[in-house]
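Data block below; observations after.
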Amino acid sequence: PGKYYAGMIKANRELLDQYLQLHDHTWDEVMSRMYVANMRDFTVWLHEESATMFHQFVYVGTDFEADMASVAADPIVRYWWSFCEPCQEPLHWRGPPPSQ
Numbered sequence: 347p348g349k350y351y352a353g354m355i356k357a358n359r360e361l362l363d364q365y366l367q368l369h370d371h372t373w374d375e376v377m378s379r380m381y382v383a384n385m386r387d388f389t390v391w392l393h394e395e396s397a398t399m400f401h402q403f404v405y406v407g408t409d410f411e412a413d414m415a416s417v418a419a420d421p422i423v424r425y426w427w428s429f430c431e432p433c434q435e436p437l438h439w440r441g442p443p444p445s446q
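Residues in the sequence shown are numbered consecutively from 347, following the numbering used here.
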């Protein structure tokens, strides 16, 4: 049981290798925070031709907003995001990047 969530983002082709390395070796602290926030089976796929990254995860908690806020407030997650953000070309990114 749980609810599936999914999203997509364009990858910066010049930094694609860096982005793949970051996700192939996601920091233990980031993975732990996601687990505590009731996120399971986080999976990322790359469509190489379009440099589009697709992701999904299963949420098994009862307060999605609070759990996602706890992830976004975590200083280690935010620091990890600061390495990921230059590798991304979001479709609808308004304001400062999430790491800030």
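Glycine residues also receive a C-beta, built at the ideal position from the N, C-alpha and C atoms.
Q) Cβ of Lys356 within 7 Å of Cβ of Thr398? A) On the sequence shown, residue 356 is found 10 positions in, with the first residue counted as 1. On the sequence shown, residue 398 is found 52 positions in, with the first residue counted as 1. Yes. Within cutoff.
(Q) DSSP three-state label for Trp373, please. (A) For the purposes of this step, residue 373 is taken as residue 27 along the sequence shown, with counting starting at 1. The answer is coil: DSSP assigns Trp373 none of H, G, I, E or B.
Q) If you run the structure through DSSP and keep just helix, strand and coil, what is Trp391? A) Here residue 391 refers to the residue found at position 45 when the sequence shown is read from its first residue. In this structure, Trp391 counts as strand in the three-state DSSP scheme.
Q | C-alpha gap between Arg440 and Cys430, whole angstroms | A | Numbered from 1 along the sequence shown, position 94 holds the residue referred to as residue 440. Numbered from 1 along the sequence shown, position 84 holds the residue referred to as residue 430. Linking Arg440 to Cys430 through their CA atoms gives a straight-line distance of about 17 Å.
Q.
Excluding the 5 residues flanking Met354 on each side, which residues of the same chain have their C-beta closer than 8 Å to its C-beta?
A. Along the sequence shown, one-based indexing puts residue 354 at 8. The residues are Thr398, Met399, Phe400, His401, Leu437.
(Q) Bridge partners for Met380 per DSSP, in chain order? (A) Mapped onto the sequence shown, residue 380 falls at position 34. Paired residue(s): none; Met380 is not in a bridge.
Q. Counting pairs of Cβ atoms below 8 Å between the stretch 357 to 366 and the stretch 408 to 415, do you hit three or more?
A. When Cβ pairs closer than 8 Å are counted between the two stretches, the stretch 357 to 366 is seen not to touch the stretch 408 to 415, the count staying below three.
(Q) On the DSSP letters alone, give me the boundaries of the beta strand (DSSP E) that Val404 sits inside. (A) The residue given as residue 404 occupies position 58 in the sequence shown. Looking at the DSSP string, the run of the beta strand (DSSP E) that includes Val404 is 398 to 405.
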